[in-house]
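Taking the working numbering, the leading residue of the sequence shown gets 23, the next gets one more, and so forth.
We put the CB at the ideal spot given by N, CA and C, even for glycine.
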Amino acid sequence: MRAKCAVPCLAAVTRISPGNCRVPMRKPAKPGKEKDKRKAQPTVGVTRYVPYIPPALVSDTLSALKDRESLAEVLDLVCSPAAPADSEEDRALFQRVSEAYRTHQEARNERFSERELRIRDNVLEAIHNLPEHLYDEAVRSESEPMPEALTFQHAFRAQLIDSELSDFEVGKLDAYRLLMYLRFPYLDIKARQPGLFWLEEKKAISRQKQASMLARKKKVR
């Protein structure tokens, strides 16, 4: 009698019908947990870079601009003279010669570009035809710089510059070469290591912040 009343008594206590009186199941998982796990997964961010010039590579430019003689030569070349001595005929002659020179230069540059492309194709074809051990060595080796003796400054200095130009014109040419070097003294390094000239945006310091930091250091001293 007691065994027969076990189920109805349990149903009466729990208020569940005898047919549904079973072992209770576990709670279902909360739907928000999977979303939390997805949020916790590491995400790949985008790193932004800004152009950057290492200060050590512009030391020559800074030192030259601090030198009064070098700065005076550059300013005398770039800026117009305070009291020009040339006449209207001289200016017209200069304009005609300048236009003729530019036309001749464009034609020569076009010929040189075509010749350079042909030479490059011949070099690549010669590299592909090398034996295997020489091919690997040629691909991995860096291109050698042009010898200083073959540059225009050294090869044609005595033939064209010293014999055809006056001392005043030679001085202007040297000032122009100095200006071109001071503008980009790091061209060779940038061609070999372009990664040095990019910096993460979060590491970049604005000029205003850099100036304020220098001012604070001066006050501390």
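What's the gap between the Cα of PRO169 and the Cα of PHE178? Using only the alpha carbons, I get a separation of about 14 Å.
Can you give me the start and stop residues for the alpha helix (DSSP H) that TYR157 sits inside? Per DSSP, TYR157 belongs to the alpha helix (DSSP H) from 154–162.
Would you be able to state if there are at least three C-beta pairs under 8 Å between the region 74–87 and the region 202–217? Enough Cβ pairs lie closer than 8 Å, so yes.
Among residues of its own chain, excluding the 5 on either side of SER85, which ones have a beta-carbon nearer than 8 Å to its beta-carbon? Closer than 8 Å at the Cβ level, and outside the excluded window around SER85, lies no residue.
Around the C-beta of GLU147, are 16 or more other C-beta atoms found within 10 angstroms, so that it is buried, or is it exposed? By the 10 Å Cβ count, GLU147 comes out exposed.
From which residue to which residue does the beta strand (DSSP E) around VAL68 run? Under the DSSP assignment, VAL68 falls outside any beta strand (DSSP E); it carries neither an H nor an E label.
Which two residues bound the contiguous beta strand (DSSP E) that contains GLU138? It is not in any beta strand (DSSP E) - GLU138 instead sits in the alpha helix (DSSP H) that spans 110–150.
Report yes or no: do the region 90–105 and the region 216–235 share at least 3 C-beta pairs separated by less than 8 Å? Counting Cβ pairs under 8 Å, fewer than three are found: no touch.
Using 8 Å as the cut-off, can you tell me whether the region 216–230 makes contact with the region 113–120, which would need three or more C-beta pairs spanning the two stretches below that distance? They do not touch, by the three-pair rule.
Per DSSP, GLU170 forms a beta bridge with which residues? Per DSSP, none; premise fails for GLU170.
Is VAL68 closer than 8 Å to LEU221 when the C-beta atoms are compared? Contact flag unset, no.
Are the CB atoms of GLU223 and ARG70 nearer to each other than 8 Å? Yes; because the gap between Cβ atoms is below 8 Å, this pair is in contact.
Taking 7 Å as the cut-off, is the C-beta of SER102 nearer than that to any heavy atom in the ligand NAD? Of ligands this structure carries none, so the ligand NAD is not represented either.
Terminal residues of the continuous alpha helix (DSSP H) containing GLU91? Run containing GLU91: 90–100, per the alpha helix (DSSP H) assignment.
Quick one: what does DSSP say LEU221 is sitting in, helix, strand or coil? Correct three-state label for LEU221: strand.
Please classify GLU95 as buried or exposed, where buried requires at least 16 neighbouring CB atoms within 10 angstroms. With 16 or more Cβ atoms within 10 Å of its Cβ, GLU95 is classed as buried.
Relative to the C-alpha of ALA171, which residue among ALA180, GLU164, SER165 is closest? Residue ALA180 is the option with its Cα nearest to ALA171.
Can you give me the Cβ contacts of LEU204 inside the same chain, cut-off strictly under 8 Å, excluding the 5 residues immediately before and after it? Within the same chain, Cβ atoms closer than 8 Å to the Cβ of LEU204 are found at ASP82, THR83, ALA86, LEU87, VAL96, the five residues on either side in sequence being excluded.
Report all residues from its chain with a CB closer than 7 Å to the CB of TYR198; omit the five preceding and five following residues, and keep chain order. Within the same chain, LEU99 come within 7 Å of TYR198 by CB-CB distance, once the 5 residues on both sides are set aside.
Simplified DSSP state of GLN232, which is helix, strand or coil: Correct three-state label for GLN232: helix.
According to DSSP, is PRO106 helix, strand or coil? If DSSP states are grouped into helix, strand and coil, PRO106 belongs with coil.
Since LEU200 contacts ILE183 with CB under 8 Å, what's their CB separation in whole angstroms? Rounded, the Cβ-Cβ distance is 15 Å, inconsistent with contact.
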